[in-house]
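Going left to right, the sequence shown walks through residues 7 to 172 as the working numbering numbers them.
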Amino acid sequence: EAYTLFQAMATGHLGMSTIHGESVEAVIQRLESEPMNIPRSLLSMIDVVVIQVRTEINGKPARRTERVTEMLSFQPETKELLTKDVFRRNPRSDSFQYMAKSHILNRIMEKAGRTEKQVEKELQRRQTVLDWIVRQKVRRYTEVAKIIREYYANPDRVFRRARMGR
Numbered sequence: 007e008a009y010t011l012f013q014a015m016a017t018g019h020l021g022m023s024t025i026h027g028e029s030v031e032a033v034i035q036r037l038e039s040e041p042m043n044i045p046r047s048l049l050s051m052i053d054v055v056v057i058q059v060r061t062e063i064n065g066k067p068a069r070r071t072e073r074v075t076e077m078l079s080f081q082p083e084t085k086e087l088l089t090k091d092v093f094r095r096n097p098r099s100d101s102f103q104y105m106a107k108s109h110i111l112n113r114i115m116e117k118a119g120r121t122e123k124q125v126e127k128e129l130q131r132r133q134t135v136l137d138w139i140v141r142q143k144v145r146r147y148t149e150v151a152k153i154i155r156e157y158y159a160n161p162d163r164v165f166r167r168a169r170m171g172r
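Okay, here's the thing in C-alpha cells:
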C-alpha cells in the first residue's frame, strides 16, 4: 500500500497517510524498512511530516502536535533528505513556536499568484474560524468537516460567524 501511494504521488497525485513514529527520522526509517521498502528518492514526495505525541496537560492525558517538519529535497549524491522544522511545540507554554519560513507556503503562494500579505490575512481568518470551533466545543469530525465545507463555499459568512462567536 505504501509503495503504491508513493508511486501515485510521484506521478502527480495527491496523497495523505498516517504512520507511527516518534520523530521524522523514525518515520523515514520505518518507510525505508521492511515491509514498506520505500526508496529514499521517493521519500522526497513527502511535503510535510506532523509528529503528534501523547502528553499530560494539567495532570490529564492529551494529544499534542509536537512539530511540523517540511521535507525540502533529496540529495542524490549523499542520499540525504533535507528537512526543516517550521513549527515546534513549547511544552512549558503548551503553544507553538514558529521556527522558519514555510517553503511549501511560498510554493502555494507562487502558484496561486498571491502576495505574502494576502496569504497571511487568509491564514489569520482561518485561525479565527479554528479558534471559534474550539470555543464552541465542536468535537465531532463530521461537524468540523461541515464548517470547513461551509468556509470553502462562503468564507466571508463563516468568518463573520466566527468573529461574532455565533
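Backbone N, C-alpha and C define an ideal beta-carbon position, used for all residues, glycine too.
Short check: CB of E76 to CB of K85, under 7 Å? no
Reducing DSSP to helix, strand and coil, say where M170 ends up. helix
When we look at the beta-carbon of L20 and count the other beta-carbons within 10 Å, is it buried (16 or more) or exposed? exposed
Minimum C-alpha distance to R132 - residue among K107, G18, V164 and M22: V164
Give the list of continuous alpha helix (DSSP H) stretches no shorter than 4 residues that lie fully inside the segment 53-126. 109-118
Exposed or buried, Y157, counting other C-beta atoms within 10 Å across all chains shown (16 or more means buried)? buried
Roughly how far, in whole angstroms, is the beta-carbon of L49 from the beta-carbon of L87, given that I think they are within contact range, below 8 Å? 6 Å
Could you please give the first and the last residue of the uninterrupted alpha helix (DSSP H) stretch that includes I153? Y147 to A159
Closest residue to V55 among H26, A151 and R113 (Cα-Cα distance): H26
Does the beta-carbon of S101, which I'm using as the reference point, lie nearer than 6 Å to any heavy atom of the ligand GDP? Only the bare structure without any ligand can be found here, which leaves the ligand GDP out of the picture.
I think E38 touches I57, with their Cβ atoms under 8 Å apart; what is that distance to the nearest whole Å? The pair is not a contact, with the Cβ atoms about 17 Å apart (cut-off 8 Å).
Quick one: is V92 buried, meaning 16 or more other Cβ sit within 10 Å of its Cβ, or exposed? buried
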